[in-house]
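Since the structure comes first, as structure tokens, the remarks are kept for the end.
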Amino acid sequence: SSDPIHHDEL
Amino acid sequence: MNIFRLSGDVCHLIAIIILFLKIWRSKSCAGISGKSQVLFALVFTTRYLDLFTSYISAYNTVMKVVYLLLAYSTVGLIFFRFRNSYDSESDSFRVEFLLVPVAGLSFLENYAFTPLEILWTFSIYLESVAILPQLFMITKTGEAESITAHYLLFLGLYRALYLANWLWRFHTEGFYDQIAVVSGVVQTIFYCDFFYLYFTRVLRGSGKMSLP
Chain A
13 SSDPIHHDEL
Chain B
11 MNIFRLSGDV CHLIAIIILF LKIWRSKSCA GISGKSQVLF ALVFTTRYLD
61 LFTSYISAYN TVMKVVYLLL AYSTVGLIFF RFRNSYDSES DSFRVEFLLV
111 PVAGLSFLEN YAFTPLEILW TFSIYLESVA ILPQLFMITK TGEAESITAH
161 YLLFLGLYRA LYLANWLWRF HTEGFYDQIA VVSGVVQTIF YCDFFYLYFT
211 RVLRGSGKMS LP
């Protein structure tokens with residue numbers, strides 16, 4: 013996802 | 011997922027494993043800053059609370075659990091199992107000078123004023139300075155074993171590769187996480203001096219990396 017709130021990175 | 015992020019995560023995992031094995035096999039944590047390791051455990055704890063709230067992928071979940079397990083195990087080795095080899099004299103960095111500003115900033119500059127988001131922001135800011143006690147300890151003792159230097163190399167490379175990942179994601183999907191990028195730049199800058207020493211001294215094969 014591109015919105016920073018949904019953090020998909022470690 | 012892209013090659014920069016994947017190799018960044020691999021470098022991060024290698025760094026954490028190098029450190030854990032070094033302490034475990036040498037049965038000593040001499041030259042290792044227990045404070046930095048506690049800060050890293052705190053970084054993972056405050057960042058990975060979403061383990062319980064949102065599922066992203068098997069990879070994401072497994073890596074978070076592995077990081078948490080290794081971080082707490084390393085802290086356990088330093089402060090319990092091999093505590094008599096812990097050099098608390100040299101590990102004298104005042105971590106409150108890191109925790110207070112980082113906590114304050116995470117309340118001021120964040121994406122959302124919710125507990126989970128503030129804790130995530132805290133973990134991002136904290137990670138960028140968590141290595142300082144370790145770098146401070148090395149400058150204080152004036153030297154580091156080459157295995158510790160390899161640990162720092164991979165740890166520094168991991169976030170540098172994440173910078174490439176953010177460039178790539180910005181270019182390909184317009185993704186831009188300002189808090190993570192700015193903190194990642196600061197974090198990587200702290201390693202620059204070490205990178206220079208590493209590539210000019212450690213690679214010359216002089217077993218220990220002695221600072222000027």
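In order, the protein sequence lines correspond to chains A and B.
Quick note on numbering: the first sequence equals residues 13 to 22 in the numbering used here.
Quick note on numbering: the second sequence equals residues 11 to 222 in the numbering used here.
In this text, a Cβ means the ideal position worked out from N, Cα and C, and glycines have one as well.
| request: Grab the span of the alpha helix (DSSP H) containing B/A51 for me, first residue to last. | output: For B/A51, the enclosing alpha helix (DSSP H) begins and ends at G44 to R57.
| message | Does B/H160 pass the burial test, meaning 16 or more other C-beta atoms within 10 Å, or should it be called exposed? | response | Label assigned to B/H160: buried.
| When burial is assigned at 16 or more other CB atoms within 10 Å of the CB, is B/M11 buried or exposed? | Around the beta-carbon of B/M11, fewer than 16 other beta-carbon atoms lie within 10 Å, marking it exposed.
| said: Can you check whether the C-beta of B/N12 is within less than 8 Å of a C-beta belonging to chain A? | reply: With 8 Å as the cut-off, B/N12 does not count as an interface residue toward chain A.
| message | With a threshold of 8 Å between beta-carbons, can B/A122 be considered close to chain A, or not? | response | Interface with chain A (8 Å Cβ-Cβ cutoff): B/A122 is included.
| request: For the region 149 to 168 of chain B and the region 111 to 119 of chain B, state whether three or more C-beta atom pairs, one from each stretch, are separated by less than 8 Å. | output: With a cut-off of 8 Å on Cβ pairs, the region 149 to 168 of chain B is not in contact with the region 111 to 119 of chain B, counting fewer than three such pairs.
| What does a CB cutoff of less than 6 Å around A/S14 pick up in its chain, not counting 5 residues either side in sequence? | Unreliable positioning characterises A/S14 in this predicted model, as indicated by a pLDDT of 45, which lies under 50. A coordinate reading is not provided.
| query | Should B/A40 and B/D101 be called a contact, given that it needs their Cβ atoms to be closer than 8 Å? | reply | Not closer than 8 Å, so no.
| message | Once DSSP output is grouped into helix, strand and coil, what is the label at B/S38? | response | Three-state result, B/S38: coil.
| query | List, in order along the chain, the chain A residues whose C-beta lies closer than 7 Å to that of B/I66? | reply | Result: D20.
| field | B/R104 at chain A interface by Cβ criterion, 8 Å | value | Cβ-Cβ to chain A under 8 Å: no for B/R104.
| For B/E183, the first and last residue of its enclosing alpha helix (DSSP H) | For B/E183, the enclosing alpha helix (DSSP H) covers residues S156 to E183.
| field | Through-space distance from B/S43 to B/Y135, alpha-carbon basis | value | Each residue's CA atom was taken as its position, placing B/Y135 and B/S43 some 19 Å apart.
| What does B/W130 reach in chain A if we use C-beta pairs closer than 8 Å? | What B/W130 touches in chain A: H19.
| So, is B/D19 buried or exposed, given that buried needs 16 or more other C-beta atoms within 10 angstroms? | By the Cβ-count criterion, B/D19 is buried, with 16 or more other Cβ atoms from all chains shown falling within 10 Å of its own Cβ.
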